[in-house]
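**Student:**
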Amino acid sequence: MPAAPATILFDGVCNLCNGFVQFIIRHDAAGRFRFAALQSAGGQALLTANGLVAPAEPETVLLVEDGQIYTHSTAVLRIARGLGGGWRGLAAVGGLLPRRWRDALYRFVARHRYRWFGRQQACMLPTPALAGRFL
Numbered sequence: 000m001p002a003a004p005a006t007i008l009f010d011g012v013c014n015l016c017n018g019f020v021q022f023i024i025r026h027d028a029a030g031r032f033r034f035a036a037l038q039s040a041g042g043q044a045l046l047t048a049n050g051l052v053a054p055a056e057p058e059t060v061l062l063v064e065d066g067q068i069y070t071h072s073t074a075v076l077r078i079a080r081g082l083g084g085g086w087r088g089l090a091a092v093g094g095l096l097p098r099r100w101r102d103a104l105y106r107f108v109a110r111h112r113y114r115w116f117g118r119q120q121a122c123m124l125p126t127p128a129l130a131g132r133f134l
């Protein structure tokens, strides 16, 4: 029996986050991941089902996988590992750094992401071909 797809919750108005989702889609030929903007009804429902509430200003991507929730750099590394190939190796190297350092770098980028990459007025809408991968 195949494993259920892992779900990535992301800031739907963040250009960096949307670029990250597009990157994952391009490199996830197996369709291992599905997606939900934190601001969407599907994202809100998934958060509620896991006892979480979305902050007004999301600061991290969340990965819901096998009943566990991963945040910050750990979520990104687990996503990279799930993409396989060279991304798995890169995740292994990144995992050698102390989590405290990884998360500090993650939070630094997160604090500046709107200034550096911009933001949208509304969450992105998936194409009809990708709609099945979004909650």
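Numbering (numbering that gives the first Met the number 0), first residue to last: 0 to 134. Just so you know, even glycine gets a beta-carbon here, dropped at the ideal spot from N, CA and C.
1) Let me know the alpha helix (DSSP H) ranges lying completely inside the stretch 73 to 106, each 4 residues or longer, listed in chain order.
2) From N49 to R110, what does the alpha carbon distance come to, in whole angstroms?
3) Whole angstroms is fine: what's the gap from Y113's alpha carbon to D10's?
4) Do A36 and G42 have their C-beta atoms closer together than 8 Å?
5) From I135 to P97, what does the alpha carbon distance come to, in whole angstroms?
6) So what does DSSP say about V20, is it helix, strand or coil?
7) Apart from the five residues just before and just after Q120, which ones in its own chain have a Cβ nearer than 8 Å to its Cβ?
8) Sorted by chain position, which residues of the same chain lie with C-beta nearer than 8 Å to A44's C-beta, five sequence neighbours on each side aside?
9) Should E56 be labelled buried (16 or more other beta-carbon atoms within 10 Å of its own) or exposed?
10) Do you know offhand how far M0's Cα is from G66's?
**Tutor:** Taking the definition as stated:
1) Taken in chain order, the unbroken stretches of alpha helix (DSSP H) that lie wholly in the stretch 73 to 106 and span 4 residues or more are 84 to 93.
2) Cα-Cα distance, rounded: 25 Å.
3) Distance between the alpha carbons of Y113 and D10: 11 Å.
4) Yes, the Cβ-Cβ distance between A36 and G42 is below 8 Å.
5) It is not possible to answer for residue 135, since the shown part of the chain is limited to 0 through 134.
6) The answer is helix: DSSP assigns V20 an H, G or I state.
7) Same-chain partners within the cutoff: V12.
8) The answer, listed in chain order, is L134.
9) The Cβ neighbour count for E56, taken over all protein chains shown within 10 Å, is under 16; the residue is labelled exposed.
10) The pLDDT assigned to M0 is 41, lower than 50, so where the model puts this residue is not dependable; a value taken from the coordinates is nonetheless given after this. So the two alpha carbons sit approximately 17 Å from each other.
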